[in-house]
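A.B. asks:
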Amino acid sequence: MTTEATHDTDRLVTAFDHHDPGYTPQTAERINSKIRDRGVTWPPAYGGIWILSRYADVRAALTDWRTFSSARGVHFPRAEGMPMFSPIDYDPPQQTEIRERMASPVTRDAVGALTPELRQITARLLAPVVERGHGDLMAELAKPFAIEVLGVAFGLSESCRSRVREATRTMWKYISTDRDASKFWPAFHALLSEEIDRVRAEPDGSYLTRLVAMRQNGKPLPDEELYSIIVSFCIAGHDNTMNSITRLVHTLAGDPALQLRLRREPELRLATAEEALRRWCPTDRFTRVTTREVTIAGTVIPADARVVLLFDLANRDPEKFPDPDVFDPDRGNSHHHLSLGHGIHHCMGVHLARAEFVAVLDLLAQLPVFDLDGPGELHFENGRHIMFDRVPVRFRTEKEH
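Taking this note's numbering, the leading residue of the sequence shown gets 27, the next gets one more, and so forth.
#1: According to DSSP, is W91 part of a helix, a strand, or is it coil?
#2: Please go through the same chain and pick out, in chain order, the residues whose beta-carbon is closer than 7 Å to the beta-carbon of Y200, but skip the five residues on each side of it.
#3: One question on the structure: do M268 and I173 come within less than 9 Å of each other, judged by their Cβ atoms?
#4: For the structure I just gave you, are there three or more beta carbon pairs, one from the segment 45-53 and one from the segment 293-304, closer than 8 Å?
#5: Which residues share a DSSP beta bridge with V326?
#6: Over what stretch of residues does the alpha helix (DSSP H) that includes D223 continue unbroken?
#7: Taking CB distances under 9 Å as the criterion, tell me whether H264 reaches chain D.
#8: Go ahead and label G74 buried or exposed: buried means 16 or more other beta carbons lie within 10 angstroms of its beta carbon, across all protein chains shown.
#9: Consult DSSP for E407 and reduce its assignment to one of helix, strand or coil.
#10: Give me the DSSP bridge partner(s) of V275.
#11: Any chance you could list the beta strand (DSSP E) runs of at least 3 consecutive residues sitting entirely within the segment 173-204, in chain order?
#12: Run the CB neighbour count on A262, radius 10 Å, all protein chains shown included, and call it buried at 16 or more, exposed below.
#13: Which value, in whole angstroms, describes the spacing of the CA atoms of L284 and V395?
#14: From L163 to P418, what does the alpha carbon distance come to, in whole angstroms?
#15: Thinking R92 and T317 are a contact (beta carbons under 8 Å), I'd like their distance in whole angstroms, please.
#16: Pick out whichever of I255, D83, M413, E157 has its Cα sitting closest to the Cα of V275.
#17: Among E300, H33, G280, C186, which has the Cα closest to the Cα of H362?
#18: Find out if the Cβ-Cβ distance for the pair A179, V238 is shorter than 9 Å.
#19: Give a yes or no on contact between the segment 288-295 and the segment 145-162, applying the rule of three or more CB pairs nearer than 8 Å.
#20: Hey, out of T32, P212, Q121, D265, whose CA is closest to A168's CA?
#21: Three or more beta-carbon pairs under 8 Å between the segment 237-253 and the segment 358-376, yes or no?
#22: Please list the segments of the alpha helix (DSSP H) lying wholly inside the segment 375-401, counting only runs of 4 or more residues, in order along the chain.
#23: Over the uninterrupted alpha helix (DSSP H) stretch that includes V155, give me the two end residues.
#24: Considering only C-alpha positions, which residue in the set G375, N58, R127 is nearest to P246?
#25: R224 to V137, Cα distance in whole Å?
#26: If you draw a straight line from the C-alpha of L234 to the C-alpha of P401, how long is it?
#27: Report the three-state DSSP secondary structure of D34 (helix, strand or coil).
#28: Just to confirm before moving on: does the CB-CB distance between D83 and A323 stay below 9 Å?
#29: Counting only runs that start and end within the segment 42-112, where is the alpha helix (DSSP H) found for 4 or more residues in a row?
#30: Skipping 5 residues on each side, what residues in its chain have a beta carbon closer than 7 Å to that of G280?
#31: So, helix, strand or coil for R416, using DSSP?
#32: Three or more C-beta pairs under 8 Å: does that hold for the segment 32-39 against the segment 52-63?
#33: Mind checking whether V334 and I77 have CB atoms under 9 Å apart?
#34: Taking the alpha helix (DSSP H) that F259 belongs to, which residues open and close that run?
#35: Helix, strand or coil: how does DSSP classify T423 here?
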């Protein structure tokens, strides 16, 4: 670590700010680990925030939604005029009602019916990469796979699919740093409006068609809720999946022995994906606001306090996961990670996400061993989404095996 990075690390342990230029994927894990060693902390950023970082504390906060409320938004700071995200930016009873309206495309049965198409998409995307013997598994697999599955599962048009990633990137760029929703939300809103108008004019039987036709007390869903649901599906439906698959294939490219093992032991594939989610949480943090004074690990947190839940640290808590910085598919309790949340806000798309991971791993297990073919650069989006910009790989020839 450079002298500058060391300085940033030491500074941000006490003056934590996930939008500080010194908080990077290269420094974040070290900063986070030092914060965990200090217990519950209060840095002064944004008027003061409380940080929970130990597994038991983070899990308890996720469980106690009455004390740790989502209703003032889990993204912080957040741009004025940005939409709420469903259902995570709501508390019951509204959260419960919205979640029920969002459930049908991600149930276990719905995902089971979609699984053959997940495999077909994976095979089609990987075919040209394998044929030429090399490629970028971020640009040619993870990103298009996540977006295409999103489109198929929820009923998005080809036009929307081609633009949703750039709309999401623009949103993450401005949502917290500039806090100016006019730089991203009008364009995103227009994209969603096109989709709503399309399915109203020509219903196609998709989930999006059914959503737009839903009624509440005999009336159409309020625009605020309708757009909140659609934008949440558009973002959550591809962003974390894309980042997780990218991390997964990067890990495999650096571990040919694990690739060979996954060929022999298909039952290990889901465990490998769960361990990747644990070790490298695709979303570093969410926040809540306390509704009352609460004591956590001997520290009193006042009412109306913004609380940051450090998922990365919770997933690397040695009290829960021995040798937590080691990537170990045989760990046995990797699925207890908090990368998909917990409690009432546990990720709705959990069945779809796991099916996507397994579809990719199943196909990769049928292909030649592949190695990293150059560096990939890690970076944050919005100070919390960790992603590679590229994962260049080269498949081995028969002589190289």
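From the three backbone atoms N, C-alpha and C, an ideal C-beta is built for every residue, glycine too.
All of these numbers come straight from a predicted model, not from anything done at the bench.
C.D. replies: Based on what the coordinates show:
#1: coil
#2: A105, D206, K209, F210
#3: yes
#4: no
#5: T321
#6: Where D223 is concerned, the enclosing alpha helix (DSSP H) stretches over 211-227.
#7: Reference to chain D is not applicable here, since this structure consists of a single protein chain.
#8: Under a 10 Å Cβ-count criterion, G74 is classified as exposed, with fewer than 16 other Cβ atoms of the shown protein chains found around its own Cβ.
#9: strand
#10: Answer is none; V275 lacks a bridge partner.
#11: Whole beta strand (DSSP E) segments, 3+ residues: zero.
#12: buried
#13: 10 Å
#14: 6 Å
#15: In this structure R92 is in contact with T317, their Cβ atoms being roughly 7 Å apart against a cut-off of 8 Å.
#16: M413
#17: E300
#18: no
#19: no
#20: That would be D265, whose Cα lies nearest to the Cα of A168.
#21: no
#22: 376-390
#23: 134-158
#24: When only C-alpha atoms are compared, the closest one is R127.
#25: 25 Å
#26: 39 Å
#27: It is helical.
#28: yes
#29: 51-63, 81-89
#30: L398
#31: coil
#32: Touching, yes.
#33: yes
#34: Per DSSP, F259 belongs to the alpha helix (DSSP H) from 249-262.
#35: Coil.
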